[in-house]
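>
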Amino acid sequence: MQLPEPLTGKIWTLDDFEASPALLVMFICNHCPFVKHLKKDIAKLTSFYIEKGLASIAISSNSIVTYPKDGPEYMAEEAKKFKYSFPYLYDESQEVAKAFRAVCTPEFYLFKKDEQRKFELFYHGQFDDSRPSNNVPVTGRDLSRAIDCVLSGQELPFYQKRSVGCSIKWHE
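In full-length UniProt numbering, the protein residues as written are 1 to 172.
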């Protein structure tokens with residue numbers, strides 16, 4: 001994986017996170033109401049856990065032909081506006097989203113290091129039960145519990161609920 005960060009111009013690879021015991025990969029975008037509903041809380045949660053050793057990245061894979069507001073210049077604006085403490089990367093070819101089999105935004109993948117110091121999938125699920133229209137408060141409960149488990153070396157003691165959101169906008 002080699003993806004550019006529109007805010008800084010840096011090209012990021014998985015090797016950049018080699019020293020981290022865990023890596024959170026988030027598929028997000030700028031336009032989706034489900035992502036907009038969580039943006040402030042995603043920024044807050046990731047800032048909190050980065051200080052505990054979690055590496056985090058967000059990736060936008062949407063086609064900018066159909067959703068121009070998901071393009072790199074707008075991604076850089078979003079990263080500044082919400083003070084993201086993680087790189088917000090642009091997957092123009094959509095190859096990374098396809099490799100992850102990502103289908104929606106937001107979608108969360110949490111990886112832990114295995115015995116060979118390689119990342120293996122630990123959690124693939126939702127942020128929490130909150131949705132833009134259900135009046136359930138945003139807590140980050142599901143993702144926070146998974147991060148707590150991975151950072152403390154515990155197994156996941158609960159069922160992983162799938163992410164719900166907007167479909168990734170694929171190139172035609």
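Glycine is no exception: its CB is placed at the ideal position from the N, C-alpha and C atoms.
Looking at Tyr123 and Leu110, is the spacing between their C-beta atoms short of 8 Å?
Yes, Cβ-Cβ distance for Leu110 and Tyr123 is below 8 Å.
> For the UniProt domain "Thioredoxin" (1-152), list the alpha helix (DSSP H) runs that are entirely contained and at least 4 residues long, ordered along the chain.
33-50, 72-81, 95-100, 141-152
> What did DSSP end up calling Ser163 once you bin it into helix, strand or coil?
Three-state result, Ser163: coil.
> Distance, Cα to Cα, Pro21 vs Glu120?
11 Å
> With the cut-off set at 8 Å, would you say Ser63 and Lys169 are in Cβ contact?
yes
> Given a cut-off of 8 Å on the beta-carbon distance, is the pair Phe34 and Val150 in contact?
no
> List the whole-angstrom C-beta distance separating Phe108 from Phe127, where the pair is believed to meet the contact cut-off of C-beta under 8 Å.
6 Å
> Quick one: is Asp15 buried, meaning 16 or more other Cβ sit within 10 Å of its Cβ, or exposed?
exposed
> Taking a contact to mean a Cβ-Cβ separation below 8 Å, would you say Ala58 touches Tyr88 in this structure?
Yes; because the gap between Cβ atoms is below 8 Å, this pair is in contact.
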